[in-house]
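Position 31 (the sequence shown) corresponds to 30 in numbering that gives the first Met the number 0; numbering is contiguous.
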Amino acid sequence: MLLIWVGALRVDGGKLTQGEVVALYNYMAKILVELIKLADLIITITRALASAKRAAALIDTKGEDENGVASVPAPVAGAPLIEFRDAGLTYRGSAEPALEHISFTADRGERIGVIGGTGSGKSSLVSLIPRFYKNDGGEVLYSGVPAQELPVGAIRERIGVVPQHTALFRGSVRDNIRWGKPDATDDEIREALSAAQALDFVEAKEGGLDFMIQENGSNLSGGQKQRLAIARALVKKPEILILDDSSSALDYATDLKLRQALSQLDSAPCVFTVSQRTVAVRDCDRILVLDDGKLAGTGTHDELLKNNPIYREIHLSQYPEEAEKR
Ligand SMILES: Nc1ncnc2c1ncn2[C@@H]1O[C@H](COP(=O)(O)OP(=O)(O)OP(=O)(O)O)[C@@H](O)[C@H]1O
Ligand SMILES: [Mg+2]
């Protein structure tokens with residue numbers, strides 16, 4: 000305004016031409032815009048520096064339980080693939096134990112179901128297997144070797160986990176599956192996708208394996224995300240596969256096909272299926288029923304239905320028509 004005011008007076012007095020005032024005004028506007036950009040840049044750089052510091056601190060964080068063991072002891076002959084002996088878990092900062100006195104064994108090719116109400120400790124139990132948490136009390140053994148005598152990396156190498164909340168990253172389908180096995184070939188990826196019942200929808204997408212997934216998989220449906228997460232766990236052909244509520248977003252037909260495909264895998268992994276629905280675990284070799292952090296029963300679907308009140312209650316609440324028959 001000052002510029003126009005003074006300029007106008009000068010033009011009036013004949014000292015400046017109108018064109019010169021307009022030019023000056025335009026130059027000033029350009030300079031101002033650049034100054035605003037510079038100020039923005041300074042703010043962005045300061046923010047980036049602070050973020051970089053936090054990211055670096057996170058990357059440098061050492062795992063709490065690296066065990067410090069370099070060599071892998073020989074497995075004990077005849078020991079089960081995985082064994083829990085009276086294992087417990089108390090999360091740091093909580094007074095109540097999340098798990099107590101858990102004992103069971105699981106072997107190659109076996110299907111183990113884990114069922115229980117919400118908060119009963121299902122996710123806690125399966126997170127002890129890949130050592131996401133350390134058990135306190137009791138022992139967890141892998142082929143007869145206690146967990147603390149094994150390098151954590153060697154344990155995780157054998158385990159594929161599909162967590163309850165799937166995390167997908169921005170990038171192609173191929174890149175996301177390769178998180179499971181960095182050097183996986185396209186054939187291996189297709190094989191894993193096919194077992195996870197994901198090949199059909201991936202091939203229907205533009206670009207197939209090159210289809211770009213948005214941050215957090217926001218351009219996929221819940222069930223599609225779950226199936227990609229399963230493929231990611233399968234691609235490394237794990238000895239132990241953990242599915243934590245991984246079919247909750249699948250329709251019954253797809254869920255059934257998925258379970259059939261898993262039981263036909265060449266690598267014959269020991270599969271842990273966590274679910275709140277009895278239909279997802281009813282054909283398992285063994286079902287662990289959890290109640291408030293304790294093992295309330297173990298057995299097959301028919302045995303538990305007969306002998307275990309908690310399992311029966313869960314089942315009948317989902318199939319009320321069977322309750323009427325009784
Ligand atoms: N990281 C954690 N820190 C502290 N407490 C936890 C943590 N994770 C779970 N818990 C507690 O442990 C108990 C068991 O939780 P868990 O996640 O194992 O239940 P869940 O059976 O998997 O339930 P859902 O069916 O809802 O997934 C809950 O009481 C919960 O509050
Ligand atoms: Mg859970």
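Where is the CB? At the ideal position from N, CA and C, for every residue including glycine.
Since the structure is predicted, the reported quantities are computational estimates derived from the model, not experimental observations.
Task: Backbone secondary structure at P145 - three-state DSSP - done: The sequence position of residue 145 within the sequence shown is 146, counting from 1. Residue state, collapsed to three classes: strand.
Task: The beta strand (DSSP E) enclosing V288, as first and last residue numbers - done: Taking the sequence shown and counting its residues from 1, the one referred to as residue 288 is at position 289. That run of the beta strand (DSSP E) goes R285 to D290.
Open item on the list: Whether or not the stretch 125 to 144 and the stretch 240 to 251 are in contact is what I'm after, with contact meaning three or more pairs of Cβ atoms, one per stretch, closer than 8 Å; do they touch?
Closed with: yes
Open item on the list: At a cut-off of 6 Å, would you count K121 as near ligand 2, judging by its Cβ distance to the nearest heavy atom?
Closed with: Along the sequence shown, one-based indexing puts residue 121 at 122. Yes, the Cβ of K121 comes within 6 Å of a heavy atom of ligand 2.
Task: Those runs of the beta strand (DSSP E) which lie wholly inside the stretch 219 to 293 and span at least 3 residues - done: 239 to 243, 269 to 274 and 285 to 290
Task: 7 Å Cβ cutoff met for T165 and A228 - done: As a first step, residue 165 is located in the sequence shown; it is residue number 166 there, counting from the start. As a first step, residue 228 is located in the sequence shown; it is residue number 229 there, counting from the start. Yes, these two residues count as a Cβ contact at 7 Å.
Open item on the list: Rounding to the nearest angstrom, what Cα-Cα distance links V278 and V71 in this structure?
Closed with: One-based indexing of the sequence shown puts residue 278 at position 279. One-based indexing of the sequence shown puts residue 71 at position 72. Cα-Cα distance, rounded: 39 Å.
Open item on the list: For ligand 2, I want to know if Q225 counts as a neighbour, meaning its beta carbon is within less than 6 Å of at least one of the ligand's heavy atoms.
Closed with: By one-based count along the sequence shown, residue 225 stands at place 226. Incorrect: Q225 has no Cβ contact closer than 6 Å to ligand 2.
Open item on the list: Between which residues of its own chain and M27 is the CB-CB distance below 7 Å, once the five residues before and five after are set aside?
Closed with: Residue 27 sits at position 28 when you count from the first residue of the sequence shown. Taken in chain order, the residues that qualify are L2.
Task: Where the alpha helix (DSSP H) through T89 begins and ends - done: For the purposes of this step, residue 89 is taken as residue 90 along the sequence shown, with counting starting at 1. First-last for T89: undefined, no H or E at that position.
TODO: Kindly indicate the opening and closing residues of the beta strand (DSSP E) around V75.
DONE: Along the sequence shown, read from residue 1 onward, the residue named residue 75 stands at position 76. Where V75 is concerned, there is no enclosing beta strand (DSSP E), given that its DSSP letter is neither H nor E.
- [ ] With a 10 Å radius around its C-beta and 16 neighbouring C-beta atoms as the bar for buried, classify V5 as buried or exposed.
- [x] Locating residue 5 in the sequence shown gives position 6, where the first residue counts as 1. Classification of V5: exposed, given that the 10 Å Cβ count is below 16.
Open item on the list: Spatial neighbours of A153 within its chain, please: C-beta separation below 7 Å, excluding the five flanking residues on both sides.
Closed with: By one-based count along the sequence shown, residue 153 stands at place 154. Counting only Cβ-Cβ distances below 7 Å, and skipping sequence neighbours, we find V71.
Open item on the list: Between R231, G179, S217 and G170, which has its C-alpha nearest A197's C-alpha?
Closed with: Within the sequence shown, the letter at position 198 stands for residue 197. A197 has its Cα closest to that of R231, out of R231, G179, S217 and G170.
Open item on the list: My output table needs one value for D39: the three-state DSSP class, helix, strand or coil.
Closed with: Locating residue 39 in the sequence shown gives position 40, where the first residue counts as 1. Of the three classes helix, strand and coil, the one that applies to D39 here is helix, per DSSP.
Open item on the list: Let me check you understand the geometry: is the CB of Q163 closer than 6 Å to at least one non-hydrogen atom of ligand 2?
Closed with: The residue labelled residue 163 in the question sits at position 164 within the sequence shown. Yes, the beta carbon of Q163 sits closer than 6 Å to at least one heavy atom of ligand 2.
- [ ] Assign F168 to one of two classes, buried (16 or more other C-beta atoms within 10 Å of its C-beta) or exposed (fewer than that).
- [x] Within the sequence shown, numbered from 1, the residue matching residue 168 stands at position 169. Result: exposed.
- [ ] Quick one: grab the DSSP three-state call for F200.
- [x] Reading the sequence shown from its first residue, position 201 is the one you call residue 200. Helix, per DSSP.
TODO: Excluding the 5 residues preceding and the 5 following R173 in the sequence, name in chain order all residues of the same chain whose CB lies nearer than 8 Å to its CB.
DONE: Walking along the sequence shown from the start, residue 173 turns up at place 174. Closer than 8 Å at the Cβ level, and outside the excluded window around R173, lie D185, I188, L208 and D209.
Task: Coil, strand or helix - I158 by DSSP - done: What you label residue 158 is simply residue 159 of the sequence shown in a count that begins at 1. If DSSP states are grouped into helix, strand and coil, I158 belongs with the strands.
Task: Residues bridged to G170 [DSSP beta-bridge criterion] - done: As a working note, residue 170 is residue 171 in the sequence shown. In the DSSP output, where bridge partners are listed per residue, G170 has I212.
TODO: Please name the residue in L255, V160, H100 and I313 whose C-alpha comes closest to that of T117.
DONE: Counted from its first residue, the sequence shown places residue 117 at position 118. Per the Cα distances, I313.
- [ ] Can you tell me which of the three DSSP states E82 falls into?
- [x] As a first step, residue 82 must be located in the sequence shown, where it is residue number 83. Strand, per DSSP.
Task: Helix, strand or coil at V71 [DSSP, three-state] - done: Translated into the one-based positions of the sequence shown, residue 71 becomes position 72. In this structure, V71 counts as coil in the three-state DSSP scheme.
Task: Range of the contiguous alpha helix (DSSP H) that encloses H314 - done: Taking the first residue of the sequence shown as position 1, residue 314 is located at position 315. Its alpha helix (DSSP H) spans residues P308 to Q317.
Task: Span of the alpha helix (DSSP H) around L127 - done: In the sequence shown, the residue the question calls residue 127 occupies position 128. From DSSP, the alpha helix (DSSP H) with L127 extends over K121 to L127.
- [ ] Would you mind working out which of I111, E214, D282 and K224 sits nearest V161, comparing C-alpha positions?
- [x] Taking the first residue of the sequence shown as 1, we reach residue 161 at position 162. V161 has its Cα closest to that of K224, out of I111, E214, D282 and K224.
Task: Rounded distance between the beta-carbons of V234 and A191, thought under 8 Å - done: Counted from its first residue, the sequence shown places residue 191 at position 192. Counted from its first residue, the sequence shown places residue 234 at position 235. Right, their Cβ atoms sit about 4 Å apart.
TODO: Helix, strand or coil for R177, going by three-state DSSP, please let me know.
DONE: Reading the sequence shown from its first residue, position 178 is the one you call residue 177. In the structure shown, R177 sits in coil (DSSP, three-state: anything other than H, G, I, E or B).
TODO: Compute the distance between the beta-carbons of S122 and Q163, then report whether it is under 7 Å.
DONE: Counted from its first residue, the sequence shown places residue 122 at position 123. Counted from its first residue, the sequence shown places residue 163 at position 164. Yes, Cβ-Cβ distance for S122 and Q163 is below 7 Å.
TODO: Can you grab the Cα-Cα spacing for the pair R155 / E323, in whole Å?
DONE: Here the question's residue 155 lines up with position 156 in the sequence shown. Here the question's residue 323 lines up with position 324 in the sequence shown. Going by the C-alpha atoms only, they are around 46 Å apart.
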